[in-house]
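In terms of this note's numbering, the sequence shown has 68 at position 62, counting the first letter as 1, and numbering is strictly consecutive. Shown next, in structure tokens, is the structure this report addresses.
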Amino acid sequence: LRTLAPRAKVGFHGHDNLGLALANSIAAVDNGATVIDATFSGMGRGAGNTSTQALLVRQAARRSMTLDLEALVAVDR
């Protein structure tokens, strides 16, 4: 896809059946995905999806960004 359409947005939607949604989402980002589908608290059908909170915390730490954890927790209440 990158060869045929280098400017195309590549997305990923992970399911958490084996507890690997976050790890697989991180791998997708590391390999060029520009859109990651995630849900607050990982809520979804079945085993759930990538957790938005966990993904944001990981990405903020990776980029040395400050994240308002209180605001992030408040959204999930």
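Glycine included, each C-beta is placed from N, C-alpha and C at the ideal position. All figures in this text were calculated on a predicted structure; none of them were measured in a lab.
Which of the three DSSP states is assigned to residue i in this structure?
i	result
N37	coil
S70	coil
N3	This structure gives no information on residue 3, because the portion of the chain shown stretches from 7 to 83.
G17	strand
T58	helix
Using the C-alpha atoms, what's the distance from residue j back to residue i?
i	j	result
G20	A27	5 Å
A29	L73	20 Å
A60	G17	18 Å
V41	Q65	13 Å
M71	L78	14 Å
Considering just the uninterrupted stretch of the alpha helix (DSSP H) at residue i, what are its terminal residues?
i	result
L10	No alpha helix (DSSP H) contains L10, which DSSP labels as neither H nor E.
A77	L75 to V81
Query raised in the report: Contact between the stretch 45-59 and the stretch 8-16: three or more CB pairs below 8 Å?
Result: Short answer: they don't touch.
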